[in-house]
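Novice: A single structure is presented below for examination.
Right, here's the structure in full:
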């Protein structure tokens, strides 16, 4: 049975966050579109982007000052009532369904804590999220398994006997979310968001790929309504349907905020 649901944040919890949060942040910080800075690509750490921009634009501030400014801008955008932020369709329903089934819920992100806290407060998600694992809690970030192991070990204290095969990771990045989750021994569900195709997500090892979070039913008993799971096998070769999606746990409030 699935006892823990882990979700990515950018473009998984929040819709089009690259366009509504991150690109405007870089524009305000650098005074130029981040897409015009050579070698910047999706998946780079913010400090790496800042270093590239500093070198290219000749910015006088050190990278840590710029990173503090970036965080302040991000949090300001999220808190602003004028910003066009929306949850992904089905994001709240998935958390609510997991909560109704007694699952522990974790947000796992490469973003910083202030950003996630602002999102949780803006969308009133505090009753639906047990833990948040952010960049900085581990030395290495996704797709390294360190943040996944951190999340697993954090919740394992709540669930005696918890196994990696009782955890499902939902994300939209083939490398950061799907490969990272598989490396940790978790079930993985990929969401098509435009960043990666269904084929790319399956090729990365996703057991299931959906086009909308509303397709994931936490009450389905583990069959995911009959969707294919890459031969229906866990990384350890255990049939997905053996575990089900019907745990019974108590839940708590948001921690590490």
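Numbering (the working numbering), first residue to last: -13 to 243.
Glycine included, each C-beta is placed from N, C-alpha and C at the ideal position.
Keep in mind the model is a prediction, meaning the values are calculated, not measured.
(1) If we call anything under 7 Å between Cβ atoms a contact, is residue 136 one with residue 120?
(2) Quick check on residue 114: does DSSP put it in helix, strand or coil?
(3) Specify whether the region 129 to 147 and the region 100 to 112 touch according to this definition: at least 3 beta carbon pairs, one from each stretch, less than 8 Å apart.
(4) Whose CA, out of 192, 40 and 176, lies closest to the CA of residue -2?
(5) Below 8 Å on the Cβ atoms is my guess for residue 160 versus residue 200; work out the distance and round it to an integer in Å.
(6) Compute the distance between the beta-carbons of residue 204 and residue 165, then report whether it is under 7 Å.
(7) What is the rounded straight-line gap between the Cα of residue 38 and the Cα of residue 23?
(8) Assuming residue -8 is part of the beta strand (DSSP E), what are its boundary residues?
(9) Would you mind reading off the limits of the alpha helix (DSSP H) that contains residue 38?
(10) Should residue 65 and residue 104 be called a contact, given that it needs their Cβ atoms to be closer than 7 Å?
(11) If we count the other Cβ atoms within 10 Å of its Cβ and call it buried at 16 or more, is residue 53 buried or exposed?
(12) To the nearest angstrom, how far is the alpha carbon of residue 80 from that of residue 141?
(13) In this structure, how does DSSP classify residue 155 when only helix, strand and coil are distinguished?
(14) Under DSSP, the alpha helix (DSSP H) around residue 164 begins and ends at which residues?
Specialist: Here's the rundown:
(1) No, Cβ-Cβ distance for residue 136 and residue 120 is not below 7 Å.
(2) Under the three-state reduction of DSSP output, residue 114 falls in the helix class.
(3) They do not touch, by the three-pair rule.
(4) It is 176 whose Cα lies nearest to the Cα of residue -2.
(5) Contact doesn't hold; Cβ gap of about 22 Å is too wide.
(6) Taking 7 Å as the Cβ cut-off, residue 204 and residue 165 do not qualify as a contacting pair.
(7) Computed Cα separation, rounded: 7 Å.
(8) Per DSSP, residue -8 belongs to the beta strand (DSSP E) from -10 to -7.
(9) Start and end: 32 to 43.
(10) Yes, the pair counts as a contact, with Cβ atoms nearer than the cut-off.
(11) Residue 53 comes out buried.
(12) Each residue's alpha carbon lies about 19 Å from the other.
(13) In this structure, residue 155 counts as strand in the three-state DSSP scheme.
(14) Here residue 164 belongs to no alpha helix (DSSP H), and DSSP marks it neither H nor E.
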